[in-house]
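Working notes, structure below.
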Amino acid sequence: MYDIGESYFNENLDIVYTRKVKIKIYAQASADLGDVEVPYYVKNKSEPETVDEIKGVTYNWENGQVMVSELNRKDIFIEKYNEYVDLKKFTLPNVRAGSVIEYEYTHKIRYPDWFPDWTFQKDIPVVWSEYNARLPPFYDYILLSKGFFQKFDIEEKNEAALPS
74 MYDIGESYFN ENLDIVYTRK VKIKIYAQAS ADLGDVEVPY YVKNKSEPET
124 VDEIKGVTYN WENGQVMVSE LNRKDIFIEK YNEYVDLKKF TLPNVRAGSV
174 IEYEYTHKIR YPDWFPDWTF QKDIPVVWSE YNARLPPFYD YILLSKGFFQ
224 KFDIEEKNEA ALPS
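Okay, structure coming up:
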């Protein structure tokens, strides 16, 4: 239904990437979309990347009312992928055909040259896909696109505060 991302640099020049997703599960075969994994770099032990502020909810229609099942912290865990990357994994509760799932997370990236990319259309249809990136003036970037895309809106503005 939607997939919204935002990236910006914080005061330490870490990249803060937030993603919010909402998906309608039409068939039981798609229930695994409630199993989410987010890779993140951990090789630098003194300043590893983090994935936190994880929230999730599943909505189901039962007996004429909406039943809400929230993601529990016990359903969030870390799996070692290799010596460089860990996976933050979570499973949304009670996902089945007819469910609507929502989740969000924040990924703090310690390397300013690892700016997150964005895929506007995924394996499953996305009604609304949006990515907002706030970049400092010294950061150069190239916008690459493949396939048919409607116009991208690029707005440039200077948000630097002037000393008083």
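Adding 73 to a residue's 1-based position in the sequence shown gives its number in my numbering. Where is the CB? At the ideal position from N, CA and C, for every residue including glycine.
| Check | Outcome |
| --- | --- |
| Where does Ser142 fall in DSSP's three states? | strand |
| Which residues in the same chain as Leu160 place their Cβ atom closer than 6 Å to its Cβ, once the five residues preceding and following it in sequence are excluded? | Glu110, Pro112, Glu152, Tyr154 |
| Taking Ile174 and Ile98 to be in contact with their CB atoms under 8 Å, please state how far apart those CB atoms are, rounded to whole angstroms. | 7 Å |
| Put Leu160 into one of helix, strand or coil per three-state DSSP. | strand |
| Is the stretch 78-95 close to the stretch 188-200, with three or more CB pairs under 8 Å? | yes |
| If you reduce the DSSP assignment to three classes, tell me which class Lys147 lands in. | helix |
| Using a Cβ-Cβ cut-off of 7 Å (strictly less than) and excluding sequence neighbours within five positions of Glu228, which residues of its own chain qualify? | none |
| Could you pull out every residue in the same chain whose Cβ sits closer than 6 Å to the Cβ of Ser20, ignoring the five residues on either side in sequence? | Because residue 20 is not part of the residues shown, which for the chain are 74 to 237, the question remains open. |
| Would Phe163 and Asp105 be called neighbours here (beta carbons separated by less than 9 Å)? | no |
| Let me check understanding here. Comparing Cα to Cα, which of Asn117, Ser172, Tyr214 lies closest to Gln138? | Ser172 |
| Express the C-alpha separation of Trp134 and Leu208 in angstroms, rounding to a whole number. | 42 Å |
| Using a threshold of 8 Å, is the CB atom of Asp108 nearer than that to any non-hydrogen atom of the ligand MG? | Of the ligands one can find in the structure shown there are none, so the ligand MG has no counterpart to examine. |
| Check whether the Cβ atoms of Glu177 and Lys128 sit closer than 9 Å, and answer yes or no. | yes |
| Please name the residue, chosen from Gln101, Ile149, Tyr184, Asp196, that lies closest to Glu126 on a Cα-to-Cα basis. | Ile149 |
| List, from N- to C-terminal side, the beta strand (DSSP E) runs of 3 residues or more that fit wholly inside the stretch 88-140. | 88-97, 108-114, 123-135 |
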